[in-house]
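There are 2 protein chains.
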Amino acid sequence: MSTVGKAVSLLELFTLDEPEIGLSDLARKAGLDKATARRLLMALANHRLIEQEPQSRRYRLGAGLSRLARIRDAHFPFVRVAAPVARELSLETGETVHLSEFSAGALLTVHVELSAKANRVNVDVGQILPLHGTASGIAFLAASRLQVVSAYLEKPLQAFTAHTVTGPDTLAKAIAFAAASGYSRSSQGYEEGVHSIGAAILGADGQPIGALAVASPISRVDDAVAANQGAAAVKAARLIAARLTGEA
Amino acid sequence: MSTVGKAVSLLELFTLDEPEIGLSDLARKAGLDKATARRLLMALANHRLIEQEPQSRRYRLGAGLSRLARIRDAHFPFVRVAAPVARELSLETGETVHLSEFSAGALLTVHVELSAKANRVNVDVGQILPLHGTASGIAFLAASRLQVVSAYLEKPLQAFTAHTVTGPDTLAKAIAFAAASGYSRSSQGYEEGVHSIGAAILGADGQPIGALAVASPISRVDDAVAANQGAAAVKAARLIAARLTGEA
DNA sequence: AACGATGGTTCAAATAGTGAACCGACAAGA
DNA sequence: TCTTGTCGGTTCACTATTTGAACCATCGTT
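Written as structure tokens, this is what we have:
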């Protein structure tokens, strides 16, 4: 791996659950020598991508990341625009809604609106969703160019649960359904007990840039509920697209 | 410079004004060879810190940055904690209030509460404030260790308006005033017609981590108003510091 | 068709990265 | 008190990664 890749891997070790990590721990987790880890951390710290707590000497993510993220968000305000719409959709359906953005061949969860109900689906921001195992991914594929889809179908499809669709033909059918109805449906394809309805969000050029999904405990969903959620999800996805392209 | 440093420099070339840049341009600006720049960009893209626009082939900051920034902000909630206090201060003074966080030798504006008045000062989130030209910066310097201040005073001070304090002695006096009274005062040091009162926000270790400022059209401020704003700003800054360190 | 850009690729040469061994400090246990 | 095992941090000989000139292919202009 490149030196830069190693440095970024260090950044990626920090999570919501573990936002501060010591040097030895960091080196162990990254599979790097302590000296190497420290040199990389120093390079990152010089640019404020990493900060060191003066007392505990532990490391944490730096303010430079917030700065860069702000520049990106100002130019590409996906979350800013989409989050309020996702919130509305969550209130309307009473279920958890999550937003994902396409990046490097998969969907990256960038925002979550949790259901108010006690029995709800929990999704973490930052989670990476495969295109074939989730409703979001299938909706995204259905909105993609055929060329992209067939290229994706040629690669082996990993199974995440006993219900994950791994057959190219079955997946193609799910995609066809999504293309026809505007929304996709996936039952326990990624997590046991979770039912999802997905809809793609299109950019100005008509290509999909991300997706949103309504995720419910499977016990609360039947065909009628799914159809309602689908219609609402499509409406929300269109509203986001319209706002992103300045058409509303 | 380390390879990692070079890669991060590439990220730092993206600004609010120029959020998408082509390969050759990027290499030129960073002083790198095209091949090197591309290799670094690919390493960054693998971790979603950089994205490439498929059509134009230009590069932009990636979604991974938003992800990391969100993790940081969740743990180090400067804006989340400080924004409501800034809002109160804005309502109390009737003027625009802006929050900045120290990063890489300058203050980065991270939040703004605009005055409700028609004639108000406008500040943009993301703006970088010099330490010597703004009330926020002077307040920050006044709260910093002497060693940091004298190092800063040794470097030449850029003038932004005809009123910018560029003499080290004059600046030292302004810093001394701020150290004594708790708040700083700057008239038209960064923008013509703008008067600012600044106060530093201290972290758990007593070192300043940022600052807030009340910015008014100069026509609305006299010594009495400034003193009132100063007292209010100091109170707000202390409240934020207390909440950040879990003491309130 | 010729030009001057662009993005992207190759490979020998050279520089930058690596990691075992080391240090001092601290904390827990014997 | 004296281990023993951490921790963060540093050094330096060895080596693998990075580098960049020269090279395409492509695009839009002249």
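Just so you know, the protein sequences line up as chains A and B, in that order. Numbering that gives the first Met the number 0 numbers the first residue of the first sequence as 0 and each following residue consecutively. Numbering that gives the first Met the number 0 numbers the first residue of the second sequence as 0 and each following residue consecutively. Even glycine gets a Cβ: it sits at the ideal position worked out from N, Cα and C.
Anything in chain B within Cβ reach of residue 70 of chain A, meaning under 7 Å, just list it in chain order.
For this step, residue 70 of chain A is matched to residue 71 along the first sequence. Residues of chain B passing the Cβ test: 13, 14, 15, 18, 60 and 125.
In chain order, which beta strand (DSSP E) runs of at least 3 residues are fully inside the segment 102 to 127 of chain B?
105 to 112
Within this structure, are the beta carbons of residue 232 of chain A and residue 213 of chain A separated by less than 8 Å?
Here residue 232 of chain A corresponds to residue number 233 of the first sequence, with the count starting at 1. Here residue 213 of chain A corresponds to residue number 214 of the first sequence, with the count starting at 1. Against a cut-off of 8 Å, the Cβ pair of residue 213 of chain A and residue 232 of chain A comes out as a contact.
Going along chain B, which residues have a C-beta under 8 Å from residue 263 of chain A?
Nothing can be reported for residue 263 of chain A, as the shown portion of chain A is limited to 0 through 247.
Give the single residue among A:70, A:89, A:210 and A:123 whose Cα lies nearest to the Cα of residue 181 of chain A.
Residue 181 of chain A sits at position 182 when you count from the first residue of the first sequence. If we check each option's Cα against that of residue 181 of chain A, A:210 comes out closest.
Any beta carbon of chain A sitting closer than 8 Å to that of residue 153 of chain B?
Mapped onto the second sequence, residue 153 of chain B falls at position 154. It does not: the Cβ of residue 153 of chain B has no partner Cβ on chain A nearer than 8 Å.
Mind checking residue 168 of chain B: buried by the 16 CB within 10 Å criterion, or exposed?
Position 169 of the second sequence holds residue 168 of chain B. By the 10 Å Cβ count, residue 168 of chain B comes out exposed.
Where residue 165 of chain A sits in the DSSP three-state scheme:
By 1-based counting over the first sequence, the position of residue 165 of chain A is 166. Of the three classes helix, strand and coil, the one that applies to residue 165 of chain A here is coil, per DSSP.
Residues that residue 256 of chain B contacts on chain A, provided the C-beta gap is smaller than 8 Å:
The requested residue 256 of chain B does not occur in the structure, where chain B is confined to residues 0 to 247.
Under 8 Å Cβ-Cβ, which residues of chain A neighbour residue 3 of chain B?
Taking the second sequence and counting its residues from 1, the one referred to as residue 3 of chain B is at position 4. The contacting residues are 2, 3, 6, 39, 42 and 43.
Could you check what DSSP says for residue 58 of chain A in three-state terms: helix, strand or coil?
In the first sequence, the residue the question calls residue 58 of chain A occupies position 59. DSSP places residue 58 of chain A in strand when its eight states are reduced to three.
Counting only beta-carbon separations shorter than 8 Å, does residue 63 of chain A have a partner in chain B?
Numbered from its first residue, the first sequence carries residue 63 of chain A at position 64. Yes, contact with chain B.
Let's see if you can read the secondary structure: which residues bound the beta strand (DSSP E) around residue 199 of chain A?
By 1-based counting over the first sequence, the position of residue 199 of chain A is 200. It spans 193 to 201 - the beta strand (DSSP E) in which residue 199 of chain A sits, taken as one unbroken run.
Please report whether the beta-carbon of residue 47 of chain A lies at a distance below 8 Å from any beta-carbon of chain B.
Residue mapping note: residue 47 of chain A aligns to position 48 of the first sequence, counting from 1. Answer yes: the Cβ-Cβ gap between residue 47 of chain A and chain B drops below 8 Å somewhere.
Residue 47 of chain B - DSSP class collapsed to helix/strand/coil:
Position 48 of the second sequence, counting from 1, holds the residue named residue 47 of chain B. Three-state result, residue 47 of chain B: coil.
How should residue 90 of chain A be labelled, buried or exposed, when 16 other C-beta atoms within 10 angstroms of its C-beta is the threshold for buried?
Counting from 1 along the first sequence, the entry for residue 90 of chain A is found at position 91. That one is exposed.
Closer than 8 Å, CB to CB, is residue 66 of chain A near chain B or not?
Against the first sequence, residue 66 of chain A aligns to sequence position 67. Residue 66 of chain A counts as touching chain B.
Buried/exposed call for residue 229 of chain B, threshold 16 Cβ in 10 Å:
Indexing the second sequence from 1 puts residue 229 of chain B at position 230. Residue 229 of chain B should be labelled buried.
Cβ-based neighbour list, residue 97 of chain B, same chain, cut-off 8 Å, excluding 5 preceding and 5 following
Here the question's residue 97 of chain B lines up with position 98 in the second sequence. So the list reads 85, 108, 110, 111, 112, 122, 135, 211, 212 and 214, once near-sequence residues are dropped.
When the cut-off is 8 Å and only beta carbons count, does residue 159 of chain B lie next to chain A?
As a working mapping, residue 159 of chain B is identified with position 160 in the second sequence. So no, residue 159 of chain B is outside the interface.
Does the beta carbon of residue 75 of chain B sit closer than 8 Å to a beta carbon anywhere in chain A?
Numbered from its first residue, the second sequence carries residue 75 of chain B at position 76. Taking Cβ atoms only, chain A reaches closer than 8 Å to residue 75 of chain B, which makes this a yes.
Is there at least one Cβ from chain A nearer than 8 Å to residue 246 of chain B's Cβ?
Working through the second sequence from its first residue, we reach residue 246 of chain B at position 247. Any reading at residue 246 of chain B needs caution, since the residue's pLDDT is 48, under 50, leaving its predicted position unreliable; the model's value is listed next. Not closer than 8 Å to any Cβ of chain A, the Cβ of residue 246 of chain B fails to qualify, so no.
Given a limit of 8 Å on CB to CB distance, which residues of the segment 79 to 112 of chain B reach chain A?
100, 101, 102, 103, 107 and 109
Looking at the structure shown, is residue 52 of chain A part of a helix, part of a strand, or coil, going by DSSP?
For this step, residue 52 of chain A is matched to residue 53 along the first sequence. Correct three-state label for residue 52 of chain A: coil.
When burial is assigned at 16 or more other CB atoms within 10 Å of the CB, is residue 207 of chain A buried or exposed?
Here residue 207 of chain A refers to the residue found at position 208 when the first sequence is read from its first residue. Its Cβ being crowded by 16 or more others within 10 Å, residue 207 of chain A is buried.
Could you pull the DSSP bridge partners for residue 8 of chain B from this structure?
To locate residue 8 of chain B, count along the second sequence from 1; it is residue 9. Paired residue(s): none; residue 8 of chain B is not in a bridge.
Under the three-state reduction of DSSP, which class applies to residue 18 of chain A: helix, strand or coil?
Reading the first sequence from its first residue, position 19 is the one you call residue 18 of chain A. If DSSP states are grouped into helix, strand and coil, residue 18 of chain A belongs with coil.
Using beta-carbon positions only, say whether residue 70 of chain A and residue 125 of chain B come within less than 8 Å of one another.
The residue labelled residue 70 of chain A in the question sits at position 71 within the first sequence. The residue labelled residue 125 of chain B in the question sits at position 126 within the second sequence. Yes, these two residues count as a Cβ contact at 8 Å.
Shorter than 8 Å from the beta carbon of residue 10 of chain A to some beta carbon of chain B?
Translated into the one-based positions of the first sequence, residue 10 of chain A becomes position 11. So yes, residue 10 of chain A belongs to the interface.
Once you ignore the five residues that flank residue 247 of chain B on each side, which residues in its own chain have a CB closer than 8 Å to its CB?
One-based indexing of the second sequence puts residue 247 of chain B at position 248. Below a pLDDT of 50, predicted positions are generally treated as unreliable, and residue 247 of chain B, at 41, falls in that range; the measurement from the model is reported next regardless. Within the same chain, residue 247 of chain B has close Cβ partners 238 and 241.
Could you tell me whether any Cβ in chain A is nearer than 8 Å to the Cβ of residue 50 of chain B?
Mapped onto the second sequence, residue 50 of chain B falls at position 51. Yes, residue 50 of chain B lies at the interface with chain A (some Cβ there is under 8 Å from its Cβ).
Three-state secondary structure (DSSP) of residue 158 of chain B
Position 159 of the second sequence holds residue 158 of chain B. Coil.
Give me the Cα-Cα distance between residue 162 of chain B and residue 189 of chain B, rounded to the nearest whole angstrom.
For the purposes of this step, residue 162 of chain B is taken as the residue at position 163 of the second sequence. For the purposes of this step, residue 189 of chain B is taken as the residue at position 190 of the second sequence. The straight-line gap from Cα to Cα measures roughly 8 Å.
Meets three-Cβ-pair contact criterion under 8 Å: the segment 61 to 77 of chain B and the segment 38 to 47 of chain B
yes
CA-to-CA distance, residue 144 of chain A to residue 36 of chain A, given in whole angstroms:
Position 37 of the first sequence, counted from the start, is the residue given in the question as residue 36 of chain A. Position 145 of the first sequence, counted from the start, is the residue given in the question as residue 144 of chain A. If you take the alpha carbons of residue 36 of chain A and residue 144 of chain A, they lie about 42 Å apart.
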